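Residue numbers (the numbering used here): 1344 to 1723.
Glycine included, every Cβ here is placed at the ideal spot set by N, Cα and C.
Please read all numbers here as calculations on a predicted model, not as lab measurements.
Notes to accompany the following structure.
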């Protein structure tokens, strides 16, 4: 354990690589039995007892169970801190060849989809840049721990690319505030906003046009290239990606708009999805259901705010849709998943939380007012 070979990392994202190399040791160091954990998971998944699953939904579930087994809410941060930058693999080393920080991050975002099938990276530029980690796999009920790990790694990569003078202005995490925030403050070294719709790192946009601070590539990986994805993703994948992006920014998107973005007409989009035995409505429901489940399980956001984040007019619309998807209402589903959680009711929250904070829960556009709103609920 603790070593990473080139064969292992060639087709893996940094989160997958670090999980394979360091998660067993982390769990053992926390006083728990790693093989008991992996055995209980793999008895269900029908995987070898010693195997760490790298498929996104299985890895997300494993990390969630690891946090529960070890009673360590910040185990994702520990995973993101493990090893050195040599452990990040070709996806990171390719970025070192870019002329600027902007092109390096854009290259990572473009390649990430072919390495980690359950999430995407989006970079929003402006006076303040925003790097978002967006889970797109609707099957994921809880993405808190894997998102923690991804953002912890992202911060390390940004420090390596920009140099020691780089610092984040704000970090948003799509999870409820942990009992102990110190590991998060120690790693990110900036204000942290929990209970956010999407995980994100905000930093000064002026860094984007600066040259890469380091171009050191380990000798054993210098000649390796990231395998390029063959051809365009299937139409269903492209639609899911577009839906996930729109939800992460709080913007609704219609089938007609998606078709225009793809440069095709509505009927062509409908025909392609019909060939795949699905429809725009079905894909939209899947994506909205996945995000709703994660926000209900991972955060303390009231149902009203989750409804707004998903683009619904009010909580009743979400409740009807969620009941149709899950066979139960959002509050009942949440109580079954989080029986110990003291989640405030919408009525209580309306009294206790200022209205501006509700808007802040959406991933903010890059403007001063939005940054102030998100900072108002950040843990310093």
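* Asked: When you compare each of 1541, 1546 and 1540 to residue 1534 by their alpha carbons, which one comes out closest?
  -> 1546
* **residue 1403 to residue 1616 span [Cα, whole Å]** => 28 Å
* Asked: Taking all protein chains shown into account, do 16 or more other C-beta atoms lie within 10 angstroms of the C-beta of residue 1407, making it buried, or fewer, making it exposed?
  -> buried
* Between the Cα of residue 1578 and the Cα atoms of 1593, 1436, 1612 and 1379, which residue gives the shortest distance? -> 1612
* To do: Below 8 Å on the Cβ atoms is my guess for residue 1485 versus residue 1637; work out the distance and round it to an integer in Å.
  => 6 Å
* **Local conformation of residue 1530 per DSSP, three classes** => helix
* Taking C-beta to C-beta, are residue 1470 and residue 1548 nearer than 8 Å? -> yes
* What's the gap between the Cα of residue 1461 and the Cα of residue 1455? -> 10 Å
* Asked: Does DSSP put residue 1535 in a helix, in a strand, or in coil?
  -> strand
* Where the alpha helix (DSSP H) through residue 1401 begins and ends -> 1399-1413
* Please report the residue range of the alpha helix (DSSP H) in which residue 1635 lies. => 1623-1641
* To do: Can you have a look at residue 1501 and say buried or exposed, based on whether 16 or more other CB atoms are within 10 angstroms of its CB?
  => buried
* Given residue 1632 as reference, the closest of 1442, 1436, 1590 and 1422 once Cα atoms are compared -> 1590
* Between which two residues does the alpha helix (DSSP H) containing residue 1480 stretch? -> Unbroken run through residue 1480: none, as it is neither H nor E.
* To do: Return yes when the Cβ of residue 1530 is within less than 8 Å of the Cβ of residue 1498, no when it is not.
  => yes
* According to DSSP, is residue 1554 helix, strand or coil? -> strand
* If we ignore side chains and look at the alpha-carbon of each, how far apart do residue 1648 and residue 1506 end up? -> 38 Å
* Does the Cβ of residue 1642 have 16 or more other Cβ atoms within 10 Å, making it buried, or fewer, making it exposed? -> buried
* Asked: What residues are listed by DSSP as bridge partners for residue 1372?
  -> Paired residues: none, contrary to the question.
* **Span separating the alpha-carbon of residue 1432 from that of residue 1625** => 36 Å
* **Beta-bridge partners of residue 1514, as assigned by DSSP** => 1535 and 1544
* What are the boundary residues of the beta strand (DSSP E) that residue 1577 is part of? -> Careful: residue 1577 lies outside any beta strand (DSSP E) and carries neither H nor E.
* What span of residues does the alpha helix (DSSP H) with residue 1611 cover, start to end? -> 1609-1618
* residue 1487 and residue 1422 closer than 8 Å at C-beta -> no
* To do: Specify, as a first and last residue, the run of the beta strand (DSSP E) that residue 1466 falls within.
  => 1462-1467
* Terminal residues of the continuous alpha helix (DSSP H) containing residue 1425? -> It is not in any alpha helix (DSSP H) - residue 1425 carries neither H nor E in the DSSP assignment.
* **Endpoints, alpha helix (DSSP H) assigned at residue 1503** => 1487-1505
* Buried or exposed: which applies to residue 1597, given that a residue is buried once 16 or more other Cβ atoms fall within 10 Å of its Cβ? -> exposed
* To do: Spatial neighbours of residue 1420 within its chain, please: CB distance less than 8 Å, with the 5 preceding and 5 following residues excluded, ordered by chain position.
  => 1491, 1492, 1495, 1526, 1527 and 1530
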